[in-house]
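Take a look at the structure set out below.
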Amino acid sequence: IGKSRLVADIRHRSRSLGVSKLVGTADAIEKSTPYHAWRSVFRDLFGLEELADDVEARRARVLSMLQESPALLRIAPLLNAVLPLDLPENELTLHLEGKVRADNTHDLLLGLLQQATQRAPLLLILEDTHWLDSASWALTLQLRQRVKPLLLILATRPLTQLPLEYSQLLRAPDTRHMVLENLLPEETLALVCQRLGVSELPEPVAALIREKAEGHPFFSEELAYALRDAGLIRVEGGQCLLNAPPEAFLKASFPNTVQGVITSRIDRLTPQQQLTLKVASVIGRVFPYRTLHDIYPVEQDKPRLSDYLNALKHLDITPLETHGPEPTYLFKHLITQEVVYNLMLFSQRRQLHEAVAAWYEETHTEDLSPFYPLLAYHWDKAENSAKTLFYLEKAGEQALHRGAYHEAVSALRTARQEIEKGQLAIPEVQQGRLALLLGEAYLGLGQVAESGHSLVQATARLGWPMPTTPTRLNLALVQELGKQMGARLRSPHIEQMEPADSQMARLAAARAYQQLAEVFYYANETTSMLYAVLRTVNLAEGQGLSPALAQAYATISVTTGIIPLHSLSRAYWGWSRQVAERLGDPPTLVHVLARTSVYLLGVGEWSTAKEQGQQAASLAEHLGDQLRLAESIAVPAMAARFEGAFAEGARLWDEIHTIARANDNLLHQTWARIGKAQHLFRLGDTETTLALIEETEALLARNADGSSERLAAGMLALVRLRRNEETLALEAAEHCATLLAQSPPVFFTALETYAAVAHVTLRVWERTLQNPLSASLTPRELARRAQAACKALQQYARVFPIGQPSYLLHQGWLDWLSDHEGRARKAWQQSLAAAERLAMPYDAALAHYEIARHLPRDNPARQTHLARACEVFERLGVDHDLAQAQAQLT
Numbered sequence: 015i016g017k018s019r020l021v022a023d024i025r026h027r028s029r030s031l032g033v034s035k036l037v038g039t040a041d042a043i044e045k046s047t048p049y050h051a052w053r054s055v056f057r058d059l060f061g062l063e064e065l066a067d068d069v070e071a072r073r074a075r076v077l078s079m080l081q082e083s084p085a086l087l088r089i090a091p092l093l094n095a096v097l098p099l100d101l102p103e104n105e106l107t108l109h110l111e112g113k114v115r116a117d118n119t120h121d122l123l124l125g126l127l128q129q130a131t132q133r134a135p136l137l138l139i140l141e142d143t144h145w146l147d148s149a150s151w152a153l154t155l156q157l158r159q160r161v162k163p164l165l166l167i168l169a170t171r172p173l174t175q176l177p178l179e180y181s182q183l184l185r186a187p188d189t190r191h192m193v194l195e196n197l198l199p200e201e202t203l204a205l206v207c208q209r210l211g212v213s214e215l216p217e218p219v220a221a222l223i224r225e226k227a228e229g230h231p232f233f234s235e236e237l238a239y240a241l242r243d244a245g246l247i248r249v250e251g252g253q254c255l256l257n258a259p260p261e262a263f264l265k266a267s268f269p270n271t272v273q274g275v276i277t278s279r280i281d282r283l284t285p286q287q288q289l290t291l292k293v294a295s296v297i298g299r300v301f302p303y304r305t306l307h308d309i310y311p312v313e314q315d316k317p318r319l320s321d322y323l324n325a326l327k328h329l330d331i332t333p334l335e336t337h338g339p340e341p342t343y344l345f346k347h348l349i350t351q352e353v354v355y356n357l358m359l360f361s362q363r364r365q366l367h368e369a370v371a372a373w374y375e376e377t378h379t380e381d382l383s384p385f386y387p388l389l390a391y392h393w394d395k396a397e398n399s400a401k402t403l404f405y406l407e408k409a410g411e412q413a414l415h416r417g418a419y420h421e422a423v424s425a426l427r428t429a430r431q432e433i434e435k436g437q438l439a440i441p442e443v444q445q446g447r448l449a450l451l452l453g454e455a456y457l458g459l460g461q462v463a464e465s466g467h468s469l470v471q472a473t474a475r476l477g478w479p480m481p482t483t484p485t486r487l488n489l490a491l492v493q494e495l496g497k498q499m500g501a502r503l504r505s506p507h508i509e510q511m512e513p514a515d516s517q518m519a520r521l522a523a524a525r526a527y528q529q530l531a532e533v534f535y536y537a538n539e540t541t542s543m544l545y546a547v548l549r550t551v552n553l554a555e556g557q558g559l560s561p562a563l564a565q566a567y568a569t570i571s572v573t574t575g576i577i578p579l580h581s582l583s584r585a586y587w588g589w590s591r592q593v594a595e596r597l598g599d600p601p602t603l604v605h606v607l608a609r610t611s612v613y614l615l616g617v618g619e620w621s622t623a624k625e626q627g628q629q630a631a632s633l634a635e636h637l638g639d640q641l642r643l644a645e646s647i648a649v650p651a652m653a654a655r656f657e658g659a660f661a662e663g664a665r666l667w668d669e670i671h672t673i674a675r676a677n678d679n680l681l682h683q684t685w686a687r688i689g690k691a692q693h694l695f696r697l698g699d700t701e702t703t704l705a706l707i708e709e710t711e712a713l714l715a716r717n718a719d720g721s722s723e724r725l726a727a728g729m730l731a732l733v734r735l736r737r738n739e740e741t742l743a744l745e746a747a748e749h750c751a752t753l754l755a756q757s758p759p760v761f762f763t764a765l766e767t768y769a770a771v772a773h774v775t776l777r778v779w780e781r782t783l784q785n786p787l788s789a790s791l792t793p794r795e796l797a798r799r800a801q802a803a804c805k806a807l808q809q810y811a812r813v814f815p816i817g818q819p820s821y822l823l824h825q826g827w828l829d830w831l832s833d834h835e836g837r838a839r840k841a842w843q844q845s846l847a848a849a850e851r852l853a854m855p856y857d858a859a860l861a862h863y864e865i866a867r868h869l870p871r872d873n874p875a876r877q878t879h880l881a882r883a884c885e886v887f888e889r890l891g892v893d894h895d896l897a898q899a900q901a902q903l904t
């Protein structure tokens, strides 16, 4: 009937086509279990059905089949998320958490399916996808994109709220969307004939079905069965015969709904058959004979259970799903299961749910982890709040660990609601830990506000609350700063110790504040962010080595560098690396290396920064952490701009863009586009630069990022100027100045924007002095803007030493236009010295150029500086600047 019949027909036809066929089915009860629909797919792929009771044999078969794929074998333990293998974690998978674990799991599963396509084209069917969990949807979308040749069939009810992945699949150009409508009257009757095994229906029967079912296929079928079960018709020799006069069908009192018809059929079953159905309805739409047998409440009837099931199979209520020593049965239609379930008294349901939950606990004592969501469901229906909460927390933490953030939020939020009922006395520390997990899950979904709210709750429950008012926050910040200064005076060393149980709450609070620091960073709440970072360190120090401590040290290193307190920043940089390396935790080391590279770039230590970035990239690639890989490659990409390696930098930004596109990371796509634009602009490709800026603006419209917005605005101002669109260039520069004035310089990447405002304003002022009639602004206004731009650039250079060459270059220009020639020449010489000291050849060449073009033509030093500028510009491939310098030679 409907989609199920269509899928069955496709499965039947596939047998003669020489294709591999795999089938998965989602389930209403298991909709919170990540990858549930994929279990049967990979069970069949490995041929594990016959080894259902032998864990060792299942493991051996899987590992044997993976021997030919070392890349997949090294992440084989991730199969535990889909199959009950209990493979021990290895050195790599032990450190995989959250999205990184989910990404690696997808790589493993898709790799296995791609291998299957090498043997034969693959037909993969997913049924009842309206109950798919978010992890399964994500895998399904990637399957369509990455595995070929493939025919993917999704069968679903109409969806009111479309998952993002489903919408993307619908929009794919090679997708065919088939919407099934109600059957026409003649089609309905043909269906009923087929089900009854007859050639035609007597008119009284046909009229009743047309009137009642109105083209609904399942309703039509159930009506026909109800007529047969009630003895009004019989089937003999392929004919449908009436057992009652025609007028009896006019007077027959049949329900007007399919649920009512099903109920009437159930009522005609024996009490034992009814009880069999009721017990099965609690287990699920698909129910194993073994489970049904073990929990069947009437012991003396158990020997006849197979007879009851055979009768129900004959009535087409619960056909056999799988054969073998451990057969399973299936409610042919979900509506039947729901009707049977609702026929029971509440007390009956509760007892049966308790029996099912207890059966799982007893049968799978050695490893309950695959059944956490299912156990939470059954204990909830059994009204056992304590066990419900226990398994909800387990399910939520497991989903969080595997990167199934939607399922984690669902389980943990339900656990919180269970606590709020007030029936359980839950310790504050446990509630705090629950709030911490929920906050991390929200952050994984990018729901920053919800994450912050839950994390603040966690700090309060754990005993270290976040200040709630600005006054208290400022006071608390001073106190935390004092604690940290005292700790540094007492001991600059990190002592390793194992945290006792009493210290676990303190470490959990440190972890909560570590996450809050990220939340406050995204919200641009600087004071709160500083407080959270200091609180993290003060809570974590003395409690043993922890990822929170290493990451907090790294953040303080960057923060103190901004103040700037460079000696202190270097100390924290060293401590962060020390803790991360002693922990032996690769994800933490990647985070520390990438984060502290930001400080190193800001002070111009290119070699060390690149070394750290390359080490982080290597680790991230080994872990399969695409997010950190992109961030790590960005370190040498940014260093390339300052070292003048513009072509190499553009290549690296393209590499980052490829990674970001593959992972649908809009922020990293934005970084990659504007990063490449900066490099191509220096190389003289103005039009491509403009196209990249426009692409950046489109990305920013979808995902705002203040830092990237400022960079794009600065680049646009420079492009407008180079295209001689002075009015537009000034407008863009003024917009940049407004954006920069909103906060002090805290990102070293903002150098290009500060410099762009100064450069555009000074260049237009210079041209205005040369040709007053072409001016759109007065020289006085341009002078005012130039002074403000240079002052802002000076503030940047005080924080980030790499800004010194640019600041001094533009300050010299300002002095020259203000008739302070001596100060101007001194500033340019200082700019040159700073650029050479920092190994910034492009900036050094700019200083040579400015010095030369402001010397008299007969001054020998002019030719020397111009020759040096041309030499560097040519070596770096910056054609536009080279052309300008060569023009000064003539």
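904 is the number that the working numbering gives the last residue of the sequence shown; the numbers go up by one with no jumps. Here a beta-carbon is modelled for each residue, glycine too, at the ideal position from N, C-alpha and C. As the structure is a prediction and not an experimental result, all values here were calculated from the model.
Output yes or no for whether 9 angstroms exceeds the beta carbon distance between residue i and residue j.
i	j	result
Leu704	Leu730	yes
Ser590	Gln626	no
Val219	Phe268	no
Thr550	Gln528	yes
Tyr405	Ala413	no
Leu469	Leu450	yes
Gly38	Glu111	no
Leu466	Phe534	It is Gly, not Leu, that sits at residue 466 in the sequence shown. Yes, these two residues count as a Cβ contact at 9 angstroms.
Val206	Asp41	no
Phe695	Tyr856	no
His773	Leu831	no
Leu680	Asn717	yes
Arg687	Leu666	no
Ala841	Leu822	yes
Gly477	Glu442	yes
Arg133	Ser54	no
Trp151	Pro177	yes
Ala608	Ser646	yes
Excluding sequence positions up to five away, which residues of its chain have a Cβ less than 6 angstroms from the Cβ of residue i?
i	result
Asp381	Asp100
Leu168	Leu140, Thr143
Once the 5 residues before and after residue i are set aside, which same chain residues still bring their CB inside 7 angstroms of it?
i	result
His367	Val296, His392, Lys395, Ala396
Ala227	Thr202, Phe233, Ser234, Leu237
Leu77	Ala90
Glu595	Leu603
Asp833	none
Gln510	Since pLDDT at Gln510 reaches only 48, below the 50 mark, its modelled position is unreliable, and no value is offered.
Just confirm the distance between the C-beta atoms of residue i and residue j, as a whole number of angstroms; I'd bet it's less than 8 angstroms.
i	j	result
Leu846	Ile865	7 angstroms
Gly891	Leu697	6 angstroms
Thr622	Val572	No, Thr622 and Val572 are not in contact; Cβ-Cβ is about 15 angstroms, not under 8 angstroms.
Gly575	Tyr613	4 angstroms
Leu164	Thr131	7 angstroms
Leu438	Leu403	6 angstroms
Leu155	Leu183	6 angstroms
Name the one or two DSSP bridge partners that residue i has.
i	result
Lys35	Leu137
Pro874	According to DSSP, Pro874 bridges with nothing at all.
Arg248	Leu255
Tyr343	Phe301, Leu334
Ile167	Ile139
Excluding the 5 residues preceding and the 5 following residue i in the sequence, name in chain order all residues of the same chain whose CB lies nearer than 8 angstroms to its CB.
i	result
Leu80	Leu86, Leu87, Ala90
Glu512	In this prediction, Glu512 has a pLDDT of 47, which is less than 50 and means its spatial position is unreliable; what the coordinates show is noted afterwards. Around Glu512: Gly558.
Problem set entry | Every unbroken alpha helix (DSSP H) inside the region 368 to 416 [4 residues or more] | Along the region 368 to 416, the alpha helix (DSSP H) occurs as fully enclosed runs of 4 or more residues at 386 to 395, 399 to 415, listed in sequence order.
Problem set entry | Inside the region 837 to 886 only - beta strand (DSSP E) runs reaching at least 3 residues | none
Problem set entry | Entirely enclosed beta strand (DSSP E) segments - the region 735 to 804, minimum 3 residues | none
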